[in-house]
Amino acid sequence: WEQGARWEQRDVRADQARPGTMSEMENFLYDINVDRRASEGSQDFVYDDVDHDGICWSPDGAKSKRPRKRRKIIGRGRVRARILGSCSVVVTTLSGAGSKAFIDAVCRDPARNDSEFDAVIIDEACQASEPESLIPFKYNPTTLCLVGDPQQLPVLTLSGSAANNKLFERSLFERLQSLNFPTILLRNQYRMHEEIASFPSRQFYEGRLITPDEVRNRRAPLWTRNPCFPTVCFWDLRSAGMTGKSDGHGFKNADEADFIMRRLLPAFAQECSSSGDITVGIITFYRDQVKLLRDMFEQVRLPSFLKLKIATVDGFQGSECD
527 WEQGARWEQR DVRADQARPG TMSEMENFLY DINVDRRASE GSQDFVYDDV
577 DHDGICWSPD GAKSKRPRKR RKIIGRGRVR ARILGSCSVV VTTLSGAGSK
627 AFIDAVCRDP ARNDSEFDAV IIDEACQASE PESLIPFKYN PTTLCLVGDP
677 QQLPVLTLSG SAANNKLFER SLFERLQSLN FPTILLRNQY RMHEEIASFP
727 SRQFYEGRLI TPDEVRNRRA PLWTRNPCFP TVCFWDLRSA GMTGKSDGHG
777 FKNADEADFI MRRLLPAFAQ ECSSSGDITV GIITFYRDQV KLLRDMFEQV
827 RLPSFLKLKI ATVDGFQGSE CD
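See the structure below:
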């Protein structure tokens, strides 16, 4: 593989004609999406702006003279309220919990605007600022559960002010933890090989992470027979291929992308060709590098057993690959 492998060229037109497929989880989320179900259950009403005075006006304030058909969806709010009113569990984002559409939909009594939930669970709570985490408190929960990891990705603050950064850079999870509220560390990790978990366990969790026997006793994958692909391996290209814009953004490294596509991944694919479907994750710190890699892999057809996911560190968090 020293001269690099040649992937089969992809017929882009054929791929575009092929209908997209969704995973089992994506199908499930599509089926339970409230807005989609509300749209399907609402009634479409088509009206002509010439026949109905005061409905449609031109930008200069005069009534439009040309007949135009407009489509208006009526009853979506009522359908949304009926759906959510029958649910025991409602899943939404923090900002979505504070939207007018959500508040109106979950309000049990139209005469009052103080709907309640018995419990609120905030996932990835360490990535949300304190003000964001306070939004669902509007619903007066009797139980609050924050799920997150302060040792992983923190709150993202885009403000240029140091004072504002300090104000918003801490999550509610971290504040309560610093005030000695009870926290539970989930020590058993099932995601990774013990050798991969050893460093974060020592560095961030005081050596408290445990790799259960069912993980340690898993059969070693076929590609580990090749000395190029042990459990943990670093490839140092020593290249100067990093480029970026003058404003400090848009970093990418064409040499590294080329190495991954032409040398590393073909050799890996050769080792695991008899292993069934294999998922491979390519993680980078920069969005422009993600785009570069995706553009490069769009031009080739990967072996059918190789499932590739390319994402930034933020985008990949929570995912799993072989």
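All you need for my numbering is the position in the sequence shown, starting with 1, plus 526. Quick reminder that beta carbons are idealized off the backbone N, C-alpha and C, glycines included. This structure is a prediction, so every number in the text was calculated from the model and none was measured.
Checklist entry - Could you check where the alpha helix (DSSP H) with LYS835 kicks off and where it finishes? => result Segment 832-838 is the beta strand (DSSP E) holding LYS835; no alpha helix (DSSP H) there.
Checklist entry - With 16 as the cutoff for other CB atoms within 10 Å, does ILE558 come out buried or exposed? => result exposed
Next on the checklist: Rounding to the nearest angstrom, what Cα-Cα distance links TYR812 and ALA780 in this structure?
Outcome noted: 12 angstroms
Checklist entry - Using 8 angstroms as the threshold, is the segment 833-845 in touch with the segment 799-808, meaning 3 or more CB pairs across them? => result yes
Checklist entry - Thinking just about the alpha-carbon of each residue, which of PRO829, ASP814, LYS626 is nearest to the one in THR769? => result ASP814
Item to check | Supposed close pair GLN795, CYS754 - CB separation, criterion 8 angstroms | outcome: According to the sequence shown, residue 795 is Ala rather than Gln. Between CYS754 and ALA795 the Cβ distance is about 13 angstroms, and since that is not below 8 angstroms, they are no contact.
Checklist entry - In terms of alpha-carbon separation, which member of ASP561, LYS833, THR669 lies closest to PHE643? => result THR669
Item to check | Helix, strand or coil at ILE710 according to DSSP, with G and I counted as helix | outcome: coil
Checklist entry - With distances taken between CB atoms, is the gap from GLY624 to ALA651 smaller than 7 angstroms? => result no
Item to check | Residues that LEU670 bridges to, as DSSP identifies them | outcome: VAL646
Checklist entry - Anyone know if the C-beta pair for SER830 and LEU748 falls short of 7 angstroms? => result no
Checklist entry - Taking the C-alpha atoms as reference points, what is the distance between LEU682 and LEU660? => result 17 angstroms
Checklist entry - By how many angstroms is the C-alpha of SER724 removed from the C-alpha of GLY740? => result Before going on, a small fix: residue 740 reads as Glu here, not Gly. Going by the C-alpha atoms only, they are around 17 angstroms apart.
Item to check | Same chain, Cβ closer than 6 angstroms to GLU695, neighbours up to 5 away in sequence not counted | outcome: VAL681, THR683
Checklist entry - The alpha helix (DSSP H) with VAL741 in it runs from where to where? => result 739-742
Checklist entry - Would you say GLU720 and ARG742 are within 7 angstroms of each other, going by their C-beta atoms? => result yes
Checklist entry - Quick one: Cα of LEU832 to Cα of GLU797, how far? => result 12 angstroms
Checklist entry - Do LEU698 and GLU656 have their C-beta atoms closer together than 7 angstroms? => result yes
Next on the checklist: Just list the residues that DSSP pairs SER655 with in beta bridges.
Outcome noted: SER697
Checklist entry - If you drop the 5 nearest sequence neighbours on each side, which residues of the same chain put their C-beta closer than 7 angstroms to that of MET822? => result ALA783, MET787
Item to check | GLY807 (DSSP reduced to helix, strand or coil) | outcome: strand
Checklist entry - Looking at the unbroken alpha helix (DSSP H) that takes in MET551, where does it start and where does it end? => result 550-558
Next on the checklist: Could you give the first and the last residue of the continuous alpha helix (DSSP H) run that contains GLY611?
Outcome noted: 602-611
Next on the checklist: Please return the same chain residues whose Cβ sits closer than 8 angstroms to the Cβ of PRO513, not counting the five positions on each side in sequence.
Outcome noted: Limits of the chain in this structure are 527 at one end and 848 at the other, which puts residue 513 out of reach.
Next on the checklist: What does the alpha-carbon distance come out to for the pair SER614 and GLU658?
Outcome noted: 23 angstroms
Checklist entry - Taking Cβ to Cβ, would you say VAL605 is nearer than 7 angstroms to ALA564? => result yes
Checklist entry - So, helix, strand or coil for MET718, using DSSP? => result coil
Checklist entry - If you draw a straight line from the C-alpha of ASN714 to the C-alpha of LEU735, how long is it? => result 6 angstroms
Checklist entry - Rounded to a whole number of angstroms, what is the C-alpha to C-alpha distance between ASP803 and LEU834? => result 11 angstroms
Checklist entry - Does the beta carbon of ARG728 fall short of 6 angstroms from some heavy atom of the ligand HEM? => result No copy of the ligand HEM appears in this structure; indeed no ligand is present at all.
Checklist entry - If LYS778 and LEU818 are in contact, beta carbons under 8 angstroms, what's the gap, nearest whole angstrom? => result 5 angstroms
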